[in-house]
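These notes concern the structure reproduced below.
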């Protein structure tokens, strides 16, 4: 993710990308291309000119790096999830200052979804009743990724769980999830699932369905439908182009965006723009440590439900 | 429903609408407008010229009327559901001849959904993995309807349960349903719900989500998305017209079809066309008594799951 | 066209299809299927029970049949064009009563175009400035049709010329047309063209483009775009169904309506419904003899312009 | 246009933006923001480190600046039009080297239109027969702009004339244009028009319609429809986002792109990327001085036709 966030930080007028920390030698080219130099984490944290740190390390390093940066008084942007272990995340929570920690739930920064939220809040379709979130990855990850991923719910569904909380404005009190291994038997052999549906219910009775697959076969399907008392709002997929062909056989059009880097390009930029505001103390982080705790708690509930075939009550 | 099916039978070249049975005097005008005369059920069943009967009475009369017609050797078209009581339906099953009984699951006859099924069967998106069925009524029924309806699942979801079975080609082995009363508190006072989500799972791991509400606020939302190994197929809503307006404020377009009579006009016609073939012994009924039993069983499972907050295993 | 209008008249409650006049013996089956009997034109016109006549004969017979029917005091529905010879049409005009003659410009009855007109008149996009009419036939007519057709402009463009007059609410004062023979060289050998563009200009400066081809290769393309001072309104093509498929290669959808009978099914019905009102003296004909004269005059202007390569001033 | 091209040059890895030439003092901020310094044209042309020049001055200065740059041996990117006076453009032509001069016809670089061209060339719809180009500006320019603009055809339609030549792959031999002043009477008082339609015809009979207005009232309408022997390809408008709302009143969606900077953002970037290749001698300019001559010739033909009400033969 450093290859996504680094260039965005480099082009943000309110930020200056000073250091790249990466044990791999090939990162030097990346650093110099963006006007930065290579350094160790210790050097970075010891530099008083550094106001903020972007943590894009592997998931198992997120929490340690974040704690070190926070300890050094830096503003922190941290890729999700904070950690795969909810107990560790909860234990570390008191050491984080919500005003200085931005969690990488990029979808809240997406202009499409932001527009949907804005219309919902403006009451365009009345009071929200139900929600449908589609999050389908284009193609299954390499087998080696699965054991370190934390499983489908903590690694992938967690984005939707954050979106559900944000859009519903209310915490789920019941969670049901069911899952299958339909895409790649190897994923099953490694103890994970690749296809899932989750249903969340809030205290007021709002219902949210989450649709996940590791492999859509048709691109990166990212859609939201929000149903209110007087209508519905949907944010559709972004298509590669607007060219259509008509023949006697029918119409053909462009595929949807193939993967996250293209689909959420604007979201990733807006997220770093927001981090610049956080670093300079001009904005409260939009997605906080507490949001990370809540989404991880729900992800564990989903995983439990799918494993036991029972509804999980929160 | 007689006002839907009667005219379709009258215009079907293979059928002749001879009698209308209706205790209400005002039905005489309807009968004569379609070239039929009023008669009692006994008269109709005693007439050897009658090859088939369309049963469009109230739900509590369906089974009695169907048994009488079957007993008289007539081909039977019967509106869904056969009955609200699964035990009664199972008990009567031996008295029905599958070759002469057509159940009114109209959606299988819809050209949109038939096209989707045809493409699925042709393997256009590979092996089916998951399904998403949207069935949102435009506006809540009058309060007096609820006590006789059998509840949301038996009255409304039953259509989707039949579609799920048909499209997946495999029986669900697990059912989860959750529901709320968000549309009209009066529905809740009468012991029913108005908003629900169901998740079905088959033995091979296929997942199907059903989305229901009694009141969409934006018309009669009838959509299907079928996700396969290499892509997805969707049948979208039918819009009233193709006229769009563009201004600086954005685009506006026509609403979707407002209700079932318009949306499924072609399906209702195709269903009666098919019944003509059944009457004349030229086709096996597409939707059988056994399909009615299966859908009702699933509807009861959904109702139980929603009531107990637990997964139902079949 | 009798096979389009006859059944629509037979099903119209305000009309009774009593006679079919057709020299071909095979028309007897058609007549009896719609509850009519075969008769000669003389018999029909002598029958005092006959209030109106549908003239669907060949173009060269339209005017003679219409005059005979008008002379017998019948209301007349006449397929376009009245005649290919403008002088004959003008000479006969005094013998027609505008209140009893309906010309077959079916497109004005199309619900899509009627909606567009309604929004234009309601001022949704401000004052109309320009218009774009697309009228592309799916496939070239058989070669034998061309010599009797009157040529592309009188046979085909005439529909668009009527639509232009209706939608602009103002008569063209300048006409430019240019044409090619790109579809079938045989059409060229018979002295006609198969591909054309016309531009009309009114006194107030409104501009209208007409796009015509005898063979689209992708169905029956029937679209209108109306550009006003504050926006635009478009009536798009009607697609066969709403089913779309998405794969990595892109999306595919249904073709547009293949030909006039399907595309204008509702328009043809509405036209006959309107004729029933005309017959019973309850409505002024929507498309009059005078409209036929005006459209034919413009068609001759287009033909002249295309032939001479000059602008025609009216 | 310097504010569009400058940043794109600054971010292009193959270019280094060294100087900004601008008589206005406020340009200094722009220059320093992009790592450049202010200089006179003479200084720039005298600097042997300079390989290429972007000419974004006012139209009346384009040719003089281009000649100076070419004389100094620089590669030249020049905004369109080269000059408003065709005779001056023709006279200067021998002094330009086609291999070192890129004309700013940005639309050829648009990914939407490039995709359409690619599918046309691939024969997806057979041999091209006709073309429809829509180019509607969102809002009329300030009155002061009109006298220096060269008129609608040389200033605005010229883009479409270049696209027509590129897409048809064949030169027009006949041009017809008609125009009105419907948007702003002040434009008429200054001797110009604001609404036009042009029809081009090639020797083989291909037809191209161009639709222009200075004020659409609904954004920057930029569409192409290409009709071939077996189908059609269209490049549609780009919408601001994919969010749609459905209520009983119908659907609403986002407006199309409001203006050229947003709509052609990717095209402007691709154009400068291509200029980098031209500067380094790795590519032939895609849009040449000769293309500028041809488009200007056609623009003069359109202006003449609209003024005289006659067809112009080339």
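Protein chains in written order, with this note's numbering: chain A, 1 to 314; chain B, 1001 to 1314; chain C, 2001 to 2314; chain D, 3001 to 3314.
Don't be surprised by glycine CBs; every beta carbon is placed ideally from N, CA and C.
Keep in mind that this is a model prediction, so the values were computed, not measured.
Check                                                                                                                                                                                                 : Outcome
Identify every run of the alpha helix (DSSP H) within the stretch 3159-3210 of chain D, keeping only runs that are complete inside it and at least 4 residues long; order them along the chain.       : 3185-3189
Just to confirm the assignment, what range does the alpha helix (DSSP H) spanning residue 3076 of chain D have?                                                                                       : Per DSSP, residue 3076 of chain D belongs to no alpha helix (DSSP H); it is in the beta strand (DSSP E), 3075-3078.
Can you give me the Cβ contacts of residue 134 of chain A inside the same chain, cut-off strictly under 6 Å, excluding the 5 residues immediately before and after it?                                : 211, 221 and 223
Answer yes or no: does any C-beta atom of chain C fall closer than 8 Å to that of residue 59 of chain A?                                                                                              : no
If you reduce the DSSP assignment to three classes, tell me which class residue 2018 of chain C lands in.                                                                                             : coil
Report the partner residues of residue 1225 of chain B according to the DSSP bridge assignment.                                                                                                       : B:1132 and B:1234
When the Cα of residue 1186 of chain B is compared with those of B:1226, B:1199, B:1174 and B:1142, which residue comes out closest?                                                                  : B:1142
For the candidate residues A:231, A:84 and A:107, whose alpha-carbon lies nearest to that of residue 124 of chain A?                                                                                  : A:231
What does residue 3266 of chain D touch in chain A if you count any residue whose Cβ is under 8 Å from its own?                                                                                       : Residues of chain A passing the Cβ test: none, with the nearest at roughly 10 Å.
Evaluate the contact criterion for the stretch 3113-3129 of chain D versus the stretch 3182-3200 of chain D: three or more CB pairs, one atom per stretch, below 8 Å.                                 : no
Compute the Euclidean distance between the alpha carbons of residue 33 of chain A and residue 3274 of chain D, then round it to the nearest angstrom.                                                 : 21 Å
Once you ignore the five residues that flank residue 3301 of chain D on each side, which residues in its own chain have a CB closer than 7 Å to its CB?                                               : 3175, 3312 and 3314
Whose C-beta lies closer than 7 Å to the C-beta of residue 1233 of chain B among residues of the same chain, with five residues either side of it excluded?                                           : 1116, 1119, 1120, 1124, 1125 and 1226
Any beta-carbon of chain D closer than 8 Å to the one on residue 272 of chain A?                                                                                                                      : no
Closest to residue 106 of chain A by C-alpha separation, out of A:90, A:78 and A:196, would be which residue?                                                                                         : A:78
With which residues is residue 2313 of chain C paired in a DSSP beta bridge?                                                                                                                          : C:2174
Between which two residues does the alpha helix (DSSP H) carrying residue 260 of chain A extend?                                                                                                      : 260-263
CB-CB under 7 Å to residue 2075 of chain C, same chain, minus the five flanking residues each way: which ones, in chain order?                                                                        : 2051, 2052, 2100, 2278 and 2279
Quick check: the Cα distance between residue 1197 of chain B and residue 1216 of chain B, rounded to an integer number of angstroms?                                                                  : 14 Å
Between the Cα of residue 67 of chain A and those of A:289, A:305, A:25 and A:297, spot the shortest distance and give me the residue it belongs to.                                                  : A:289
Going by DSSP, what residue range makes up the beta strand (DSSP E) through residue 2044 of chain C?                                                                                                  : That residue, residue 2044 of chain C, is in no beta strand (DSSP E); its alpha helix (DSSP H) goes 2041-2046.
DSSP on residue 59 of chain A, reduced to helix/strand/coil?                                                                                                                                          : helix
Can you find the residues in the same chain that come closer than 7 Å, C-beta to C-beta, to residue 1092 of chain B, ignoring five residues on each side of it along the sequence?                    : 1063 and 1067
Find the residues of chain D that neighbour residue 236 of chain A, judging by a C-beta separation of less than 8 Å, and give them in chain order.                                                    : 3242, 3243 and 3244
Might you give, ordered along the chain, the residues of its own chain that have their beta carbon closer than 8 Å to the beta carbon of residue 2243 of chain C, omitting 5 neighbours on each side? : 2253 and 2254
Quick one: using the 10 Å Cβ neighbour count with 16 as the cut-off for buried, is residue 2153 of chain C buried or exposed?                                                                         : buried
Name the one or two DSSP bridge partners that residue 244 of chain A has.                                                                                                                             : A:253 and D:3234
Starting from residue 2090 of chain C, trace the alpha helix (DSSP H) in both directions and tell me its first and last residue.                                                                      : 2086-2092
List, in chain order, every chain D residue whose beta-carbon is nearer than 7 Å to that of residue 2182 of chain C.                                                                                  : 3129 and 3205
Which chain B residues sit within Cβ distance under 8 Å of residue 263 of chain A?                                                                                                                    : Those do not exist, as residue 263 of chain A stays about 16 Å from chain B at its closest Cβ, beyond 8 Å.
Return helix, strand or coil for residue 288 of chain A, following the three-state DSSP convention.                                                                                                   : coil
What are the boundary residues of the beta strand (DSSP E) that includes residue 1113 of chain B?                                                                                                     : Run containing residue 1113 of chain B: none in the beta strand (DSSP E); it sits in the alpha helix (DSSP H), 1111-1121.
Can you list the residues of chain B that residue 3251 of chain D reaches, using a CB-CB cut of under 9 Å?                                                                                            : 1218, 1239, 1244, 1251, 1252, 1253, 1254, 1255 and 1256
Start and end of the beta strand (DSSP E) containing residue 3101 of chain D?                                                                                                                         : 3101-3103
Contact check, residue 2054 of chain C vs residue 2035 of chain C under 8 Å by CB: the rounded distance?                                                                                              : Residue 2054 of chain C to residue 2035 of chain C, Cβ: 15 Å. No contact.
How would you call residue 3204 of chain D, buried or exposed, if buried means at least 16 neighbouring beta carbons within 10 angstroms?                                                             : exposed
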